[in-house]
Ligand SMILES: Cc1cc2nc3c(=O)[nH]c(=O)nc-3n(C[C@H](O)[C@H](O)[C@H](O)COP(=O)(O)OP(=O)(O)OC[C@H]3O[C@@H](n4cnc5c(N)ncnc54)[C@H](O)[C@@H]3O)c2cc1C
Ligand code: SF4
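Residue numbers (our numbering): 532 to 880.
Written out as structure tokens, the structure reads:
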């Protein structure tokens with residue numbers, strides 16, 4: 532007989548939704564998170580507002596945490612899995628939270644260990660992220676927007692000209708991340724709107740290879756950014772950022788006009804892409820799961836049509852642990868994995 536519990540590893544949007552759905556389906560869920568707090572990267576990185584409804588991110592995450600906090604869900608924060616034995620229907624996990632190791636039993640596992648931001652110092656040194664304080668990332672900007680204070684870190688002044696550079700660490704064969712990170716075009720457009728709302732006298736530019744707006748983000752973000760908020764979208768490749776006086780000079784190529792481009796700005800925002808989190812890589816090793824060439828958990832199953840199946844029966848993957856994903860993707864795959872996990876327990880009961 533199988534164990535009737537589902538253990539979910541990772542307490543971000545995907546893990547929270549998986550725990551809630553398992554519990555709603557009448558089965559016991561154990562949610563393991565290595566941080567002290569639930570809420571995943573949106574909580575850890577202090578996101579301000581979410582696409583596509585401009586919802587307050589903290590409020591949205593609190594709502595998800597509350598929904599996953601029913602009696603059917605046991606939450607273990609500050610906890611890490613150190614070993615997993617057994618097979619579908621009967622897994623035995625050892626977990627550690629500072630005290631003596633504990634053993635947990637589970638019929639199925641859901642991996643929701645998420646992503647981390649691309650480190651813009653890695654092989655894209657020409658953007659000088661670690662050299663110039665006025666070169667920041669979209670994650671850094673979320674924190675500023677949350678504090679309603681977008682300033683140049685070099686001197687505390689309000690920037691008059693802000694430029695976003697898209698595809699930093701994504702769609703880049705040289706660094707080996709050929710994939711698109713899916714969310715950064717929408718996030719940059721959302722942040723550009725928020726800057727224009729906060730600082731109406733500040734000009735905002737977005738330098739892009741091509742804008743990849745996702746579903747309804749096209750009409751909810753891209754067109755309002757251009758038409759209502761007068762954000763300047765420039766099809767261009769930025770090749771380096773240099774200091775010029777106390778400002779920053781972006782050098783590159785305007786690819787529409789096929790000519791060199793030089794733009795002087797006060798603040799540069801790098802639209803860094805996604806990479807698998809360290810926890811995703813660690814858990815893949817611990818569970819013996821196949822990873823793709825980028826380190827994400829290989830998903831899809833033999834026919835490629837099961838986005839939550841991993842190479843190990845009884846272990847499902849959800850959210851950004853399987854590849855770049857927005858919140859909708861993460862929540863949708865979490866619900867599917869919860870249904871698959873419960874179906875497995877019911878088959879084996
Ligand atoms: C700057 C930025 C802004 C964004 N804004 C939006 C937005 O506005 N709208 C939108 O739809 N999407 C947005 N996204 C994407 C969104 O953040 C992701 O879709 C979402 O966070 C993915 O959820 P997840 O649960 O899969 O992973 P995560 O949010 O990364 O959560 C993973 C969780 O697992 C935990 N964990 C990791 N390893 C372990 C381990 N070994 N053991 C236990 N726990 C572990 C982590 O601590 C973390 O809590 C944004 C992304 C970026 C880069
Ligand atoms: S979403 Fe946009 S910025 Fe992000 S990798 Fe894709 S094309 Fe580049």
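Beta carbons are placed, not taken as given, at the ideal position from N, Cα and C, and that holds for glycine. Since the structure is predicted, the reported quantities are computational estimates derived from the model, not experimental observations.
Rounded to the nearest whole angstrom, the C-alpha separation of residue 673 and residue 686 is 19 Å.
Contact between residue 831 and residue 838 is confirmed by a C-beta separation of about 6 Å, below the 8 Å threshold. The shortest CA-to-CA distance from residue 854 to any of 757, 626, 754 and 823 is the one to 823. Here residue 639 is buried, its C-beta having at least 16 other C-beta atoms within 10 Å.
Note that the stretch 688 to 702 touches the stretch 738 to 753; at least 3 beta-carbon pairs, one per stretch, sit closer than 8 Å. In this structure, DSSP gives residue 660 a state outside helix and strand, which the three-state scheme calls coil. The C-beta of residue 590 has fewer than 16 other C-beta atoms within 10 Å across all chains shown, which makes the residue exposed. Residue range 639 to 642 is occupied by the beta strand (DSSP E) that includes residue 640. Less than 7 Å separates the beta-carbon of residue 810 from that of residue 644.
Using a Cβ distance threshold of 7 Å, residue 572 and residue 717 do not count as a contacting pair. In this structure residue 560 is not in contact with residue 868, their Cβ atoms being roughly 12 Å apart against a cut-off of 8 Å.
Residue 756 places its beta carbon less than 7 Å from that of residue 762. By the 16-neighbour rule on beta-carbons within 10 angstroms, residue 767 is buried. Counting along the chain, the unbroken alpha helix (DSSP H) around residue 757 starts and ends at 754 to 758.
Between residue 720 and the set 873, 580 and 592, the nearest pair of CA atoms involves 580. The beta-carbon separation of residue 801 and residue 664, rounded to 13 Å, does not stay under the 8 Å limit for a contact. Residue range 809 to 818 is occupied by the alpha helix (DSSP H) that includes residue 816.
A distance of 7 Å or more separates the beta carbons of residue 622 and residue 806.
The C-beta of residue 690 has 16 or more other C-beta atoms within 10 Å across all chains shown, which makes the residue buried. Between residue 701 and the set 545, 647, 729 and 678, the nearest pair of CA atoms involves 647. Remark: C-beta atoms of residue 668 and residue 537 do not approach each other more closely than 7 Å. Under the three-state reduction of DSSP output, residue 645 falls in the coil class, being neither helix nor strand. The stretch 714 to 775 is shown to contain whole beta strand (DSSP E) runs of 3 or more residues at 734 to 739 and 763 to 775, in chain order.
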